[in-house]
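Numbering (this note's numbering), first residue to last: 60 to 651. Backbone N, C-alpha and C define an ideal beta-carbon position, used for all residues, glycine too. This structure is a prediction, so every number in the text was calculated from the model and none was measured. The next block holds one structure in the form of structure tokens; read it before the comments.
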Amino acid sequence: MGSSNGREKRATGQVEVLPSGSIRVRVYAGIDPVTKKRHYLDETVPAGPNAEKLAEKLKIKFLNQVHEKRNPRTKATVNQLLDRYFAEADLEFNTADTYRGYAEKHIRPLLGDQKVGSLDAGVMKSLYVELRRCREHCKKTRALIDHRTPRDHECDDRCRPHQCRGLAPSTVRQIHFILHGALREAIVWNWVATNPIATATPPPAPKSNPRPPSPKQAARIVNEAFKDPDWGTLVWLTMVTGQRRGELCGIRWAHVDLDVATLHLEKAIGQRGAKKWEKDTKAHQDRWITLDPGTIELLREHQSRCESRAAALGLELSEDAYVFSLSPDGSTHLVPDSVSQRYSKLAERLKIKTTIHKLRHYSATELIAGGVDIRTVAGRLGHGGGGTTTLRAYTAFVSLADQRAAGSLATRMPPRPSTATPPTALPDFTPTSPYEVVAAALRVQIASGELRAGLPLPPIKQIAAAHGTSASTAQRAVKLLAEWGLVEVMSGRRTTVRYAHAMAEPAPIPAADRETISSPSTRPLELEVRQLGHSISRFRADADPESHPALRALLVGAIRRNGGTLEAISDYELVVRQIGSAEPLIIFVATN
């Protein structure tokens, strides 16, 4: 097995029998790039009847690793790996500070003294288990206290007996990627030949679950925020553009072109504790966002207020002034944490569980619901990957928009040939109740082909709005159509028009109800609801702009959707415009 003194030459590895009977195997593996000394692969095989065979196999394993250049090339530890990685990595300040915190708290205490070459998927699996068990990595050997603060203090009832709480899967994933990135650099430094944890599998990424405020909640938030016009403008702009809070704080007047109606985002404000600095946007790319006329009007008013405050103190508002600032001349930016805190207090007063970041989700989901394509939404939000991130984050909302798109496309398709045999004619019908009036009107539309066979019936809310009735009345009307066999109602799917009967015309509809039925003047309109001069809702609907009952029904529905009451209906007005036009056709005001 070896020479008389128990050694073999270094070229073929060294096998040494120790006084205890154990066998030590050593194979020369070059110069350690860290210590600049000779580096050996070594391991000791315990004494036993099979020790010699095991030692020989181990020597062959080490030699193969050296010859194939798969061996660890240094005895450097994980601590040394992290020291060099953080010293050389080009990381954004916030990211670097977060990574260092994770390393000090979770990596160094558990793996810091371990050799880089000994890391593998099994070691990483054990690390994941420990991280998910307890974030304090307690030994369960003595009673611990979870103190209310790490600073010196006198304990009170807020300092409680320790309870193990694991890290979130997303945090465990970040710790995995810190080590994975450091070991990838170690290959470049010639510390290792391959990434030893490349086959390790961290916990899966949690599914995205954006929870934007509902339109009703959004209206309440805007109304509360506009008690301070400057703060209201900030909240409104966040809803419209979906900016991150740092980007919002970093906007200067030079970035806003009120004449062209665009907002240029190129900088953001970073914050880590008391430290604040100006930086690039998260994706390190400029983007231009088009603004709607209402938002431009708000920004003009905000600019006028800022200029007036500056002039009152003999100052001037420069182009480099921040759009949102506590300084009269706009020379200082808002602090991101302060913006979040103020918004949280606003939401708390309204008893709405949300954060300012959820306004970003609100902007995205409203755009998707409005039929805007994913690439455009991603561009406005500043998502990279051509919309991959956006699609992953808002899958559920994209699915809903796709369903609406299918219905929209169906209305533009040519009528399909009818293969069904029409049933016998329906009897004459004289409507008396409100729901019968609505059903009669829909029956006429089906008979005339205006509502085509095989296509979805308009939604209940749209029917109710078009006829100036409640949703329950519209539902009863649809149920009557189903009894006549004119529509097919299926659970979980849109109600569909079956076919046009060879039916007698229903009796004339009373004049009092005639106005609520779609007329030749009905056309697509763009509608804006304002409360005491502030815009709270925008939507589109098919209606006759000359029909006051129809406009009142649309206004009432919008007020209810936004959490308002009809007792204050005189505070609201409905601005009616042709689609694509800025000039109103009519401004409708209702009274109690």
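Nearest Cα to P220 within the set R434, P274, V394, C197: C197. Distance check between L203 and each of N153, D156, S390, C218 places C218 closest, using alpha-carbon atoms only. With respect to the 9 Å criterion, L376 and L317 are not classified as neighbours on the basis of their beta carbons. Non-local beta-carbon contacts of L440 in its own chain, meaning distances under 8 Å to residues more than five positions away in sequence, involve G301, R419, S422, A423, T449 in chain order. According to the DSSP secondary-structure assignment, Y99 is paired through a beta bridge with Y87.
Beyond the five residues adjoining it in sequence on each side, A530 comes within less than 8 Å, by CB distance, of I519, K520, A523 in the same chain, given in chain order. The DSSP assignment places no complete alpha helix (DSSP H) segment of no fewer than 4 residues inside the region 193–241. Residues D630 of the same chain have their beta carbon placed closer than 6 Å to that of L591, with the five preceding and five following residues left out of the count. Rounded to the nearest whole angstrom, the C-alpha separation of P228 and L501 is 54 Å. Looking at E509, L122, I82, the one whose alpha-carbon comes closest to that of K112 is I82. E115 has its alpha-carbon roughly 10 Å from the corresponding atom of V104. Less than 9 Å separates the beta-carbon of T413 from that of I280.
If you look at E360, you'll find it in the alpha helix (DSSP H) that goes 352–371. If only uninterrupted alpha helix (DSSP H) runs of at least 4 residues are considered, those enclosed by the region 303–349 are 304–308. In this structure the region 175–184 touches the region 250–262; the number of beta carbon pairs closer than 8 Å is three or more. At least 9 Å separates the beta-carbon of K118 from that of V76. The residues L140, V175, V251, in chain order, have a CB closer than 7 Å to that of A245 in the same chain once the five nearest residues on each side in sequence are set aside. For E632, there is no enclosing alpha helix (DSSP H); the residue is part of the beta strand (DSSP E) that begins and ends at 631–637. If you compare the alpha carbons of S367, R599, N153, N621 with that of V634, the shortest gap goes to R599. DSSP, reduced to helix, strand and coil, places K174 within a strand of the structure shown.
Here L242 is not near I234, since their CB atoms are 9 Å or more apart. Contact between A327 and R311 fails: their C-beta atoms lie close to 12 Å from each other, not under 8 Å. Judged by DSSP secondary structure, P583 falls outside any alpha helix (DSSP H) and instead within the beta strand (DSSP E) spanning 582–590.
Under the 10 Å beta carbon count, V556 is surrounded by 16 or more other beta carbons and is classified as buried.
Secondary structure of E495 (DSSP, three-state): helix. A buried status is given to Q73, since no fewer than 16 other beta-carbon atoms sit within 10 Å of its beta-carbon. If you draw a straight line from the Cα of A498 to the Cα of W295, it comes to about 41 Å. In the DSSP assignment, the residues bridged to F598 are L586.
For the region 107–168, not one full-length beta strand (DSSP E) segment reaches 3 residues or more.
DSSP lists P515, E547 as the beta-bridge partner residues of T555. Using a 10 angstroms sphere on the CB of M549, the tally of other CB atoms stays under 16, which defines it as exposed.
Put simply, the region 332–351 does not touch the region 367–383. Fewer than three CB pairs are less than 8 Å apart.
The three-state secondary structure of L644, taken from DSSP, is strand. Less than 9 Å separates the beta-carbon of C308 from that of P395.
Residue environment analysis places G329 among the buried positions, since at least 16 neighbouring C-beta atoms fall within 10 angstroms of its C-beta.
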